[in-house]
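Below is one structure, written out as structure tokens; the observations come after it.
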């Protein structure tokens, strides 16, 4: 049982997503070996690297990966950053102008 969690922010998500993307890229996927990864991230919503994170999400969209962000805390205004990474209402674009090939957040 976890009794107390203390968050420190802001957080940098791009390195984590880059690491998981590399991991999923090495997985062998063929008819007899199917792998799919779901990255579950608990966060207080503060990101220090929003555009870098979006860049990594666009790269990750080409791999068998989905990302689920769980916002923790009472300050809902901090979760606006997480909403910006969701491509349900608007498409994500990298800093180079590349569009995401699919919605993975």
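In this note's numbering, the protein residues as written are 7 to 111.
Idealized CB from N, CA, C, for every residue including glycine.
**OP:** For residue 31, name the three-state secondary structure that DSSP assigns.
**Re:** Numbered from its first residue, the chain shown carries residue 31 at position 25. In this structure, residue 31 counts as helix in the three-state DSSP scheme.
Subject >> Proximity winner among 12, 37 and 101, relative to residue 65 (alpha-carbon distances) >> reply: Taking the chain shown and counting its residues from 1, one reaches residue 65 at position 59. Of the candidates 12, 37 and 101, the one whose C-alpha sits nearest the C-alpha of residue 65 is 101.
Original post:
Heavy atom of the ligand PLP less than 7 angstroms from the Cβ of residue 96, yes or no?
Top reply: Among the components of this structure there are no ligands whatsoever, and the ligand PLP is therefore not found.
Subject >> Distance CB(residue 19)-CB(residue 69) smaller than 8 angstroms >> reply: Translated into positions along the chain shown, residue 19 becomes position 13. Translated into positions along the chain shown, residue 69 becomes position 63. Against a cut-off of 8 angstroms, the Cβ pair of residue 69 and residue 19 comes out as no contact.
Original post:
Tell me which same chain residues have a C-beta within less than 7 angstroms of the C-beta of residue 107, skipping the five on either side of it?
Top reply: Taking the first residue of the chain shown as 1, we reach residue 107 at position 101. If we look at residue 107 and ignore the five residues flanking it on each side, its Cβ neighbours are 67 and 68.
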